[in-house]
Amino acid sequence: MSQGSIRFAKMLVFMVCLVPLGKLVLETFGIAGMSLGANPVETLLHRLGIWGLNFLLITLTVTPLRFITGKSWLLRFRRMLGLFAFFYVSMHFMVYAGLDQRFDLQAIFEDIAERPYITVGFAALVMLVPLALTSTNGMMRRLGRRWQKLHRLVYPIAILGVWHFYWQVKLDTLDATLYALALLSLLAYRLWRKYVRTAHARRTLQKPA
Amino acid sequence: MTRCRYAKPLPKGPQSPGRYSSICLQCNGAQSGLIGKFKWEAALKSDEKVRSWEITSESNYLNRRQFILDAGLAAGAGLALASLPGDLRAQGRELDTVQGPYSTDEKPNSWQDVTTYNNFYEFGTGKEDPYRNAQDFVTSPWTVTVSGECGKPGNYAYEDIVGPHTFEDRIYRHRCVEAWSMVVPWVGFPLGDLLQRFEPGSDARFVRFKTLLDPKQMPGQRRAVLRWPYVEGLTMAEAMHPLTLMVVGVYGKELPNQNGAPLRLVTPWKYGFKGIKSIVEIEFTKRQPATSWETSAPREYGFYANVNPEVSHPRWSQARERRIGSGLFAEKQPTLMFNGYEEEVADLYAGLDLRKNF
């Protein structure tokens, strides 16, 4: 893909990533007969959380997709997708802290300390912050090798995120299970690929010169 | 002494499904039947003055031979056997009601809130699933099987269940275990009045209720989210308590399907899941029934499920609740002990450790 078409595609992807937010805005303000339903805070909270998780998993799909298709330009979208994950997760937390708890810091701290599913979700959010902060080109250059190491945090983050989702479901864990399976296959792909590559490298090394 | 004209002897021997007695339970076939007739009529709006005893329900129609035989025996030769048109329980039909006791003066939630935000897993686990998936649910004819430790077991038609009772408007607080709440203007009658008619025996210590099992109509039952059919239970004292309501309507109208038509339980001091919907079985038992939520997650949901701000759900606090309809920026409100019905029900649990018996 040429520079121009990448730039255009990026703009397009950016717009698409804003669609879930746009829909929520329309619903919040009751535009075009849309509504958040009987429990608007819950709807906002759940939808933003789900999209945070969706973007996390989409971000984690980029690398496998690139290896499978061989299209390395796919990587050019990874940062934007990851930042959208951070954006939706942060909004999710803001709705929780602001609308659900009305910035009652004591209640929020209690929740984080006492409710394991909130502890887990909050941990994921905290770990996302350094990833977002170091997502610029300058930081990538400055951190060099350590950048990649740091950004491996995305794996525990995704695990904690799915866990957070799974734990807060009252009983019907079907959706959460599907997310867990999706994440599992994304992680399994990486492990498998690593295994294949090291095995290949070993064979290559063992070959007599 | 004349026998009630609408009376029919209870079938003897083992019950076969679909058969029920249309005996007038009010007079038990011993009086003139006028009370029963009058009360049945009272359930209808004046502009639909079809006398209920003139209507042949489908199951009655299917059992018409037996019915004719019984009718002959009952000397009620003038009974109209022709099936009259009209589903009496068509959605949205207005009910004749009187003002009942215990109503809160809090503002009821809108019809929209009450009928589109429901937990009724038989129709899906999403809050709007019941509204979407229950529209074609068939609630007429409807039969309730009464069994166990009582003097009058048998299969009763919906009309026989509700017939003798006066419908009351009761505005109750409704607190879900998920920490949200509503105020709902129910229409119903005291469950205790109904249970008395079945003459519970001295061995009856609990009442067990069951929801219809019908995966064809109830798509939620095609997945084992809970063990179907849904089962709920009350102690006899709870069941006989005057707050406990057998609900047939909401907002002065017949119960929409998504709210548990045609018959559901409401116990306002307990978490909403105790309010079993679309009831087809009532059983008087000696032992505490194993209820659905308790069975599926015993650490999280108990048999009593009394609203209690001091006993947290293992995963979330029950101290506060979000009132549905209060808007995006409303503060949560504190949850009240027994959902605000402490004065009425606290003595039911005297000496009981509410932390253990949650």
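So the sequence lines, in the order shown, correspond to chains G and Z.
One gets our numbering by counting positions in the first sequence from 1 and adding 424 to each.
One gets our numbering by counting positions in the second sequence from 1 and adding 27 to each.
Where a beta carbon is used, it is the ideal one built from N, C-alpha and C, also for glycine.
A straight-line Cα-Cα distance of about 30 Å links Z:T152 and Z:R314. Counting C-beta pairs closer than 8 Å gives fewer than three between the segment 532 to 544 of chain G and the segment 612 to 624 of chain G, which falls short of the contact rule. Among the CB atoms of chain Z, none fall inside 7 Å of the CB of G:A509.
For Z:Y328, the nearest beta carbon of chain G is not closer than 7 Å to its own beta carbon. Residue ranges of uninterrupted alpha helix (DSSP H) with 4 or more members, entirely inside the segment 511 to 579 of chain G and ordered along the chain, are 529 to 538, 540 to 557, 561 to 567 and 569 to 575. For Z:E337, no CB of chain G lies under 7 Å from its own CB, so it is not counted at the interface with that chain. Within chain Z, L355 and F356 have C-beta atoms less than 8 Å from the C-beta of G:L523, given in sequence order. The C-beta of G:S496 has fewer than 16 other C-beta atoms within 10 Å across all chains shown, which makes the residue exposed.
By the neighbour-count criterion, in which 16 or more other beta carbons inside 10 Å mark a residue as buried, G:R565 falls on the exposed side.
In terms of Cα proximity to G:G473, the closest of G:M518, G:S609, G:D528 and G:T628 is G:M518.
In the displayed model, Z:P289 falls within coil according to three-state DSSP, outside both helix and strand. For Z:A324, the chain G residues whose Cβ falls inside 8 Å of its Cβ are L595, in order along the chain.
CA-to-CA, the gap between Z:K359 and Z:Q345 works out to about 11 Å. Around the beta carbon of Z:I303, 16 or more other beta carbons lie within 10 angstroms, which makes this residue buried. Contact fails between the segment 574 to 586 of chain G and the segment 622 to 631 of chain G, because fewer than three Cβ pairs, one in each stretch, are under 8 Å apart.
According to DSSP, Z:C177 shares a beta bridge with Z:P227. Z:F216: not part of any alpha helix (DSSP H); member of the beta strand (DSSP E) spanning W207 to P217, first to last residue. Identification of residues in the segment 581 to 592 of chain G having a C-beta nearer than 9 Å to some C-beta of chain Z yields W591 and Q592, given in sequence order.
Among the residues of the segment 429 to 462 of chain G, those with a Cβ less than 9 Å away from any Cβ of chain Z are T452, L460, G461 and A462, in the order of the chain.
For chain G, none of the residues of the segment 266 to 284 of chain Z brings a beta carbon within less than 9 Å of one of its beta carbons. The C-alpha of G:L555 is placed about 9 Å away from the C-alpha of G:G506. Every alpha helix (DSSP H) of 4 residues or more that sits fully in the segment 278 to 349 of chain Z is shown, in chain order, as 319 to 323.
Of the candidates Z:Y368, Z:D132, Z:R382 and Z:A288, Z:A288 places its Cα closest to the Cα of Z:A161.
By DSSP's assignment, G:F438 forms no beta bridge with any residue.
Around Z:L253, the beta-carbon contacts reaching into chain G at under 8 Å are L595. The alpha-carbon of G:D596 is positioned some 33 Å away from that of Z:M267. Under the Cβ criterion of 7 Å, Z:I351 is counted among the residues facing chain G.
Rounded to the nearest whole angstrom, the CA to CA distance from G:Y512 to Z:G219 is 51 Å.
Residues of chain G whose Cβ lies closer than 8 Å to the Cβ of Z:R342 are, in chain order, R539, P540, Y541, W591 and Q592.
Around the Cβ of G:G446, a 10 Å sphere holds fewer than 16 other Cβ atoms; the residue is exposed. Beta-bridge analysis with DSSP links Z:M273 to Z:F216 and Z:L292. Of all residues in the segment 144 to 176 of chain Z, the ones placed with a Cβ closer than 8 Å to any Cβ belonging to chain G are Y144, Y148, T152, K154 and E155, in chain order.
Following the DSSP letters along the chain, one finds G:V486 inside the alpha helix (DSSP H) bounded by residues P464 to T493. For the segment 465 to 479 of chain G, the beta-carbon criterion of a distance under 7 Å to any beta-carbon of chain Z is satisfied by V465.
G:G446: not part of any beta strand (DSSP E); member of the alpha helix (DSSP H) spanning V443 to T452, first to last residue. Residues of the segment 195 to 213 of chain Z with a C-beta less than 7 Å from any C-beta of chain G: E205 and W207, listed in chain order.
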